[in-house]
Amino acid sequence: VIRCRAAVAWAPSKPLSVEEVEVVPPKAGEVRIKLVATGICQTDDHLLQGCFPNAEFPVIPGHEGAGIVESVGEGVTSMKPGDKVMPLCIPQCGECSFCRNPDSNYCQKSHIAEPQNLLPDKTSRFSCKGKQIHHFMWISTFAEYTVVPEYAVAKIDAAAPLDKICLFGCGFSTGYGAAINTAKVKPGSTCAIFGLGGVGLSVVMGCKAAGASRIIAVDINNDKFAKAKELGATDCINPRDLRKPVQEVLTEMTGQGVDYSFEAIGQADTMIAALASCNMNTGVCVMIGELDSGSEISIDPTGSEISIDPMLLLTGRTWKGTVLGGWKMRDCIPRLVSSYLEKKFNPDLLITHTLPFAKVNEGFELLRAGK
Ligand code: NAD
Ligand code: ZN
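Numbered according to the UniProt record's numbering, the sequence shown spans residues 1 to 371.
This is the structure:
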């Protein structure tokens, strides 16, 4: 048993508390990982607010981490102690029909299909003060050690800087893949990205890499625009500075609306605005943001709904969603990390602050403040 620090959420809407926890050894088919770095994604904040579906408290959040294998359970053959790895918030069991479908990345062992608050044998590897603590999406990266099933871990290049590539565990891969895999942005096309957090800025990078000729970045926080431009945005729009709805302005700017729009915020009104901003006939809108009711805390997360005019789709638009940018994570994350090492893209610019583990709550304050 390893005793180490972890950030525990004892109940919704409370700050995290950094505690000493016990992490038991990996069972058969599992891997114990010493985490080196983790990012903070807005999805962790949804969890802390109590808005993440099927979550259970107390829980150790975090799903964007990277580390080194400490020990492996019986039968684990694809990795060994000392290997650099990334725990995956979308596993790849390799056996379910979604894993066997080359066009799908949503393994049926993933959280929405089957809660991942406990490991597959329905027990936890974490305890604190004699209490069982839940896992989050199996991987709980806000801990110094975590235990994960082998098929939810990807072995990555030994040269990878873990404090940089931890973002590949969610934000970067999601946004970049939403453009490349889900929308399949074509060269010369026009794109609009709603929301310029870690996810939206990664969409900008993906659109640029795909050769889009016009990349319009939309956010209510003007401080996001300099970085969006640095990453490839050609225009930046703040809906609060406009006299008309943003979808009308985007349609005027591009003639018939953009070819591809992306929602990376998680609000009903911006989801509708993104849908209406793309060309009524051939436009593709990709939903990435997870819906909660804006700044309100929704007690019943399944109660968040949006309604649309069917005419928006009748004329030919496509509206689709993405999980983790469509990447089959176990296959694709190691390749994305290698491409990073070959300098094919540089998401280092997404890193705004680096904090010691004990300041995890400060990290959330920075996220909520739009920093
Ligand atoms: P973030 O908080 O860093 O960024 C959100 C951005 O949206 C901020 O820049 C904010 O200023 C902007 N914004 C807020 N309201 C706005 C409005 N009305 N109009 C325009 N801009 C507005 O969040 P993030 O970590 O980048 O995550 C974005 C969303 O993606 C979240 O909902 C998160 O849960 C979701 N997400 C989904 C997946 C997936 O697999 N589908 C993966 C990761 C994150
Ligand atoms: Zn995430």
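Think of the CB as a built atom: it goes at the ideal place given N, C-alpha and C, for glycine as much as any other residue.
With respect to the C-alpha of ILE215, the residue from ASN221, ASP223, GLY200 having the closest C-alpha is GLY200.
Each residue's CA atom was taken as its position, placing SER13 and TYR260 some 36 Å apart. The distance from the Cβ of GLN247 to that of ASN279 is about 12 Å, inconsistent with a contact at the 8 Å cut-off.
Taking 7 Å as the cut-off, one finds no heavy atom of the ligand NAD near enough to the beta carbon of VAL72.
By the criterion of a C-beta distance shorter than 8 Å, VAL59 is surrounded in its chain by VAL8, ALA9, LEU47, ASN117, ILE133, HIS134, HIS135, PHE136, SER140, once the five residues flanking it on both sides are discounted.
Rounded to the nearest whole angstrom, the CA to CA distance from LEU336 to PHE168 is 8 Å. Taking every protein chain shown into account, the CB of MET311 has fewer than 16 other CB atoms within 10 angstroms, so this residue is exposed. When distances are taken from the beta-carbon of ASP219 to the heavy atoms of the ligand NAD, the shortest one is below 7 Å. Residue environment analysis places LEU16 among the buried positions, since at least 16 neighbouring C-beta atoms fall within 10 angstroms of its C-beta.
Closest in C-alpha terms to THR251, from the list ASP163, LEU231, ALA273, comes ALA273.
Comparing alpha-carbon positions, the option among VAL323, LYS131, ASN238, SER71 lying closest to LYS80 turns out to be SER71. By a beta-carbon distance limit of 8 Å, LEU291 does not contact ALA276. Their separation comes to about 17 Å. According to DSSP, residue pairing for ASP235 in a beta bridge involves ILE216.
Exposed is the label assigned to ASN281, since fewer than 16 other Cβ atoms lie within 10 Å of its Cβ. A straight line joining the alpha-carbon of ILE333 with that of ASP223 spans about 30 Å. Between THR322 and ALA178, the gap from beta carbon to beta carbon is short of 8 Å.
A contact between stretches requires three or more CB pairs, one per stretch, nearer than 8 Å, and the stretch 145–159 meets this requirement with the stretch 80–99. In the same chain as LEU162, and ignoring 5 residues on each side of it, the C-beta atoms closer than 7 Å to its own belong to VAL36, ALA37, ALA66, GLY67, LYS84, in chain order. In this structure, LEU366 lies away from GLU230, with their beta-carbon atoms at least 8 Å apart. Sequence-distant Cβ neighbours of VAL203 in its own chain, meaning closer than 7 Å and more than five residues away, are GLY175, ALA178, ALA179, ILE193, PHE262, ALA264. The alpha carbon of PRO149 has as its nearest neighbour, out of PHE172, LEU119, VAL258, the alpha carbon of LEU119.
Taking a 10 Å sphere around the C-beta of HIS111, we find 16 or more other C-beta atoms and assign the residue as buried.
Counting along the chain, LEU312 sits inside the alpha helix (DSSP H) bounded by residues 311–314. Excluding sequence positions up to five before and after GLU56, its CB lies within less than 7 Å of the CB of ASN117, HIS134, all in the same chain and listed in chain order. Per DSSP, reduced to three states, the secondary structure at SER189 is coil, with no helix or strand assignment. A direct Cα-Cα distance of roughly 7 Å separates GLY325 from ASN181. Burial state of PRO347 is buried, judged by a 10 Å Cβ sphere holding 16 or more other Cβ atoms. When secondary structure is reduced to three states using DSSP, GLY175 falls in the helix class. Taking LEU196 as reference, the option from CYS41, SER307, ASN361, LYS129 with the minimal CA-CA separation is CYS41. Per DSSP, CYS89 is not a residue of any beta strand (DSSP E), being assigned neither H nor E. The three-state secondary structure of ILE40, taken from DSSP, is coil. Within its own chain, the residues whose Cβ lies closer than 7 Å to the Cβ of PRO239, once the five positions on either side in sequence are excluded, are VAL218, ILE220, VAL246, listed in chain order.
By the beta-carbon neighbour count (other beta carbons within 10 angstroms, threshold 16), GLU20 is exposed. Going by C-alpha positions, ALA369 is about 31 Å away from VAL185.
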